[in-house]
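Chains as they are written, first to last, in this note's numbering: chain F, 59 to 430; chain X, 27 to 357.
C-beta: ideal position from N, C-alpha, C; glycine also.
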Amino acid sequence: MQRAWAIVERDLRRFRRSPMLIWMSLFMPLLQLIVLGYAFGGNVKHLKLGLVDQDGGVPAVKLHELANAVAANAQTFTTISYADRGQAIQALRNGKVNGVLTIPPGFSRRTLAGDDPRVALIEDNTDNFVSATLAGTFGGLLSAYNAPPPSTRRLSSQVTLETVELYPYVPYIQYLLPGTIVMSIFMMVMIGGGIIFIDDKARGLHEGYLVTPVTRFELIVGFNLSGALKAMLSGVVLMTVGAIIAGIPNPLEPLRMLRLLVVVAITAMALVSFMFLIMVRMEDPLLPRALFGVINTLLWFPSGAVYPQQAFPGWMRAIAIVDPFTYAVHAFKALFLKNTGFAAISFDLMYLAVFGVLTMAAATLLFRRTLS
Amino acid sequence: MTRIAIDVRAITKRFGTFTAVDHISFAVPDGEIFGLLGPNGAGKSTLIRMMTTLLLPTEGTAVIGGHDVVQDPDGVRHAIGVIPQAMTSDLELSAEENLLIFAKLYGVPRERRKPLIAELLAAVELSQWADAPVKNLSGGMRRRVEIARGLVHEPTILFLDEPTTGLDPVSRTAVWEMLRRIKRERDLTVLLTTHYMDEADKLCDRIAIVDHGKLMALDSPMKLKANTPGENTLEVSFDDTPPDWRERLAALPAVERVEGEAPVFRIMSDRGPETTMALMAASAEAGVTIKSLAVESTSLDDVFVHFTGHQLRDALQEQPMSERRGIVRRQ
Numbered sequence: 059m060q061r062a063w064a065i066v067e068r069d070l071r072r073f074r075r076s077p078m079l080i081w082m083s084l085f086m087p088l089l090q091l092i093v094l095g096y097a098f099g100g101n102v103k104h105l106k107l108g109l110v111d112q113d114g115g116v117p118a119v120k121l122h123e124l125a126n127a128v129a130a131n132a133q134t135f136t137t138i139s140y141a142d143r144g145q146a147i148q149a150l151r152n153g154k155v156n157g158v159l160t161i162p163p164g165f166s167r168r169t170l171a172g173d174d175p176r177v178a179l180i181e182d183n184t185d186n187f188v189s190a191t192l193a194g195t196f197g198g199l200l201s202a203y204n205a206p207p208p209s210t211r212r213l214s215s216q217v218t219l220e221t222v223e224l225y226p227y228v229p230y231i232q233y234l235l236p237g238t239i240v241m242s243i244f245m246m247v248m249i250g251g252g253i254i255f256i257d258d259k260a261r262g263l264h265e266g267y268l269v270t271p272v273t274r275f276e277l278i279v280g281f282n283l284s285g286a287l288k289a290m291l292s293g294v295v296l297m298t299v300g301a302i303i304a305g306i307p308n309p310l311e312p313l314r315m316l317r318l319l320v321v322v323a324i325t326a327m328a329l330v331s332f333m334f335l336i337m338v339r340m341e342d343p344l345l346p347r348a349l350f351g352v353i354n355t356l357l358w359f360p361s362g363a364v365y366p367q368q369a370f371p372g373w374m375r376a377i378a379i380v381d382p383f384t385y386a387v388h389a390f391k392a393l394f395l396k397n398t399g400f401a402a403i404s405f406d407l408m409y410l411a412v413f414g415v416l417t418m419a420a421a422t423l424l425f426r427r428t429l430s
Numbered sequence: 027m028t029r030i031a032i033d034v035r036a037i038t039k040r041f042g043t044f045t046a047v048d049h050i051s052f053a054v055p056d057g058e059i060f061g062l063l064g065p066n067g068a069g070k071s072t073l074i075r076m077m078t079t080l081l082l083p084t085e086g087t088a089v090i091g092g093h094d095v096v097q098d099p100d101g102v103r104h105a106i107g108v109i110p111q112a113m114t115s116d117l118e119l120s121a122e123e124n125l126l127i128f129a130k131l132y133g134v135p136r137e138r139r140k141p142l143i144a145e146l147l148a149a150v151e152l153s154q155w156a157d158a159p160v161k162n163l164s165g166g167m168r169r170r171v172e173i174a175r176g177l178v179h180e181p182t183i184l185f186l187d188e189p190t191t192g193l194d195p196v197s198r199t200a201v202w203e204m205l206r207r208i209k210r211e212r213d214l215t216v217l218l219t220t221h222y223m224d225e226a227d228k229l230c231d232r233i234a235i236v237d238h239g240k241l242m243a244l245d246s247p248m249k250l251k252a253n254t255p256g257e258n259t260l261e262v263s264f265d266d267t268p269p270d271w272r273e274r275l276a277a278l279p280a281v282e283r284v285e286g287e288a289p290v291f292r293i294m295s296d297r298g299p300e301t302t303m304a305l306m307a308a309s310a311e312a313g314v315t316i317k318s319l320a321v322e323s324t325s326l327d328d329v330f331v332h333f334t335g336h337q338l339r340d341a342l343q344e345q346p347m348s349e350r351r352g353i354v355r356r357q
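If you want it as structure tokens, here you go:
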């Protein structure tokens with residue numbers, strides 16, 4: 059095994075002297091975590107709502123007040139009053155406001171008469187997130203408007219739902235952290251492992267190995283171990299620095315760190331084996347660069363890293379079932395968000411281990427000890 | 027009795043229907059510098075790759091240092107040092123680190139590594155550059171790192187695939203001198219491929235000319251040249267020549283044939299000096315002025331043309347004319 063270690067040593071010495079590679083592969087995923095985490099994780103705020111009051115009665119004023127309360131507190135929107143409905147809709151079409159609330163003439167009269175009063179919310183539905191936020195906010199606002207005055211009865215016959223949350227609130231950046239760790243491991247596997255492997259092959263560096271007495275097994279172990287160590291380094295940086303940035307409670311808890319390290323190691327081995335299988339017969343140095351983005355998209359998005367898999371169509375769920383990212387993301391989520399033990403992630407670890415062994419076995423079969 | 031270091035036996039390599047190496051056989055005794063000379067695509071690299079276990083022969087075999095490349099490739103790998111055509115040292119690592127990694131790959135014992143590496147770096151005159159990253163070294167120095175790397179496990183046979191390709195003339199000469207010295211000091215057998223005529227001529231004890239995958243000739247450079255017709259070539263240009271001048275040139279003593287058209291002729295002669303004297307006399311007698319005259323010895327170029335029927339196809343390295351020719355000019 060001394061020869062396999064020589065390959066690892068050579069690779070790690072080179073890696074240490076490539077600060078740009080270290081920077082790109084270790085810290086870029088952190089940047090991605092921050093940007094994506096905050097881009098998707100926040101509540102929609104500071105929308106502009108056009109308000110057209112064609113009624114002017116007391117019940118309409120009450121609606122104004124509720125809307126102003128939202129503007130002052132939750133800051134979901136601020137209101138801009140329009141005298142004319144057409145003018146308000148034109149402003150909506152021009153993007154000056156995000157929605158228009160119209161209080162029609164006779165609203166107050168119908169409210170007081172109990173005659174099915176209505177208001178209209180006109181939305182720019184090209185942006186689902188904005189329109190869903192406005193609809194949701196007004197749903198709550200109208201519920202408050204319709205709520206009967208406090209009753210003197212001590213017991214209510216109405217059924218109410220009380221939600222009990224098992225875990226502390228999970229902001230989106232924390233939800234995204236497991237997927238980002240897996241992606242950082244994969245990036246290192248591809249950049250620090252696969253691309254370097256093919257480039258070395260194209261430069262003739264492998265010829266240098268092949269004329270030595272190093273065995274086929276030692277070569278494979280050397281290539282994969284060096285790739286896995288670099289990928290682990292990347293995973294460890296993300297699981298510590300990333301956890302602190304994402305605000306995971308007690309991010310450096312020793313027992314969880316230990317479990318995370320096990321998941322990082324098994325994920326790195328599984329992904330390195332997978333990469334080696336893809337690269338083992340490849341000769342063209344441009345190919346892994348072209349494949350990198352495609353494979354990343356194919357594996358990362360179906361894994362549930364950014365969105366729940368239950369929302370995917372059937373074909374995408376089928377990819378998710380075989381996708382090693384799925385199991386790595388699930389294991390990291392369990393450890394970071396629920397702080398579980400190994401029992402909750404044993405299937406994930408088993409799948410990753412079996413996946414790694416199978417892909418490594420296939421790659422070994424395809425590996426050539428000679429040039430052709 | 028001289029031991030055979032490299033014994034190539036009817037070795038053949040086919041890629042599909044294309045035969046890159048076609049039943050080539052030769053033997054290299056211990057201590058010889060043996061050159062495979064041929065243009066790019068002649069099959070030299072394929073041949074050396076089979077001898078160094080990088081490619082499996084389709085037919086035949088080679089026994090290197092007593093080990094069969096097909097039956098015992100690992101034995102061959104222990105016995106040989108290989109310097110591939112491409113510069114394969116790690117640019118980010120220092121010269122010393124490159125050697126250290128390969129010492130480990132070859133299983134050199136820990137206690138032997140450090141002194142051996144220092145000794146090798148001294149042998150290739152790179153001791154003061156031991157810690158410098160290879161990327162900071164010149165092309166010639168990088169090639170010397172590779173040579174030292176090929177010797178890190180103290181092999182008895184050294185293979186070099188086009189060792190001076192891409193080097194400037196000064197670096198090439200330095201590499202030749204270093205190779206000769208290392209070969210002498212370490213009692214090595216060296217096999218190298220080249221498409222440089224002068225490299226084969228100056229460095230090799232014997233040369234095998236390879237073309238289209240076949241062995242066309244094999245002997246020492248001197249014997250190859252001696253066996254090539256037309257020992258000297260006179261390249262001469264005249265001011266004005268009479269119509270039958272070509273025939274009169276062909277009739278000069280020791281002339282084998284005359285090429286070219288007036289006013290420039292190439293005269294192939296068995297005895298250059300005698301023909302030169304006769305040419306001068308004939309020109310003076312006919313009142314023909316010689317503008318320039320160059321006498322060229324038979325070169326490996328001529329040998330190559332003689333055995334293959336064509337010029338070496340790819341670019342030969344430029345060699346100063348003054349090294350090969352005695353030039354006589356008349357105003």
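Cβ-based burial, residue i [other Cβ within 10 Å; buried from 16]
i, result
"K161 (chain X)", "exposed"
"H104 (chain F)", "exposed"
"G114 (chain F)", "exposed"
"K70 (chain X)", "buried"
"I161 (chain F)", "buried"
"V95 (chain X)", "buried"
"T191 (chain X)", "buried"
"V196 (chain X)", "exposed"
"E344 (chain X)", "Only weak support exists for where E344 (chain X) lies, its pLDDT of 36 falling under 50; the value from the coordinates is given anyway. E344 (chain X) comes out exposed."
"F44 (chain X)", "exposed"
"V415 (chain F)", "exposed"
"N15 (chain X)", "Since the displayed chain X opens at 27 and closes at 357, residue 15 (chain X) lies outside it and no answer follows."
"S164 (chain X)", "exposed"
"E265 (chain F)", "buried"
"I243 (chain F)", "buried"
"K391 (chain F)", "buried"
"G198 (chain F)", "exposed"
"K396 (chain F)", "exposed"
"F41 (chain X)", "exposed"
"E211 (chain X)", "exposed"
Contacts of residue i in chain F (Cβ-Cβ under 8 Å)
i, result
"K130 (chain X)", "Q60, R61, W63, A64, E67"
"L163 (chain X)", "Correct list: empty, because the minimum Cβ distance to chain F is about 15 Å."
"G133 (chain X)", "Q60, R61, P271"
Range covered by the alpha helix (DSSP H) that runs through residue i
i, result
"S242 (chain F)", "230–246"
"K154 (chain F)", "From DSSP, K154 (chain F) is part of no alpha helix (DSSP H); its letter is neither H nor E."
"E431 (chain F)", "Residue 431 (chain F) lies beyond the stretch modelled for chain F, which goes from 59 to 430, so this question has no answer here."
"F333 (chain X)", "326–334"
"N124 (chain X)", "121–131"
Beta-carbon neighbours of residue i, restricted to chain F and to distances below 9 Å
i, result
"P110 (chain X)", "G262, E265, G266, V269"
"E188 (chain X)", "Those within 9 Å of E188 (chain X) in chain F number zero; the least Cβ separation is about 12 Å."
Start-to-end residues for the beta strand (DSSP E) that takes in residue i
i, result
"K238 (chain X)", "Per the sequence presented here, residue 238 (chain X) reads as His, with Lys not at that position. That residue, H238 (chain X), is in no beta strand (DSSP E); it is neither H nor E in DSSP."
Contacts that residue i makes with chain F (C-beta to C-beta distance below 7 Å)
i, result
"D116 (chain X)", "R68, R72"
"T78 (chain X)", "V269"
"H221 (chain X)", "Those do not exist, as H221 (chain X) stays about 18 Å from chain F at its closest Cβ, beyond 7 Å."
"R103 (chain X)", "V269, T270, P271"
"I183 (chain X)", "Ordered by position in chain F, no residue passes the 7 Å Cβ test against I183 (chain X), which lies about 12 Å from the chain."
"I127 (chain X)", "A64, E67, R68"
"E123 (chain X)", "R71"
Residue i: contacting residues in chain C (beta-carbon distance under 7 Å)
i, result
"D100 (chain X)", "Among the chains of the structure shown, chain C does not appear; the protein chains present are F and X."
Neighbouring residues, chain X, relative to residue i (Cβ below 9 Å)
i, result
"S76 (chain F)", "E118"
"T428 (chain F)", "R75, T79, L80, L81, L82, P99"
Contacts that residue i makes with chain X (C-beta to C-beta distance below 8 Å)
i, result
"L316 (chain F)", "Near L316 (chain F) there are no residues of chain X at all, since even the closest Cβ is about 32 Å away, more than 8 Å."
Touching by the beta-carbon criterion (3+ pairs, under 8 Å), the stretch 155–174 of chain X and the stretch 117–130 of chain X
A contact is defined here as three or more CB-CB pairs under 8 Å, and the stretch 155–174 of chain X meets this definition with respect to the stretch 117–130 of chain X.
Quick one: any contact between the stretch 58–76 of chain X and the stretch 135–151 of chain X, if contact means 3 or more CB pairs under 8 Å?
At 8 Å Cβ cutoff, the stretches do not touch.
For the stretch 323–334 of chain X against the stretch 235–244 of chain X, are there 3 or more C-beta pairs whose distance is under 8 Å?
Yes: the two stretches touch, three or more of their Cβ pairs being nearer than 8 Å.
Would you check if the stretch 91–101 of chain F and the stretch 225–238 of chain F touch, i.e. whether three or more CB-CB distances between them fall below 8 Å?
The stretch 225–238 of chain F vs the stretch 91–101 of chain F: in contact.
Between the stretch 300–317 of chain X and the stretch 263–275 of chain X, are three or more C-beta pairs nearer than 8 Å?
Taking 8 Å as the limit for Cβ pairs, the verdict is that the stretch 263–275 of chain X does touch the stretch 300–317 of chain X.
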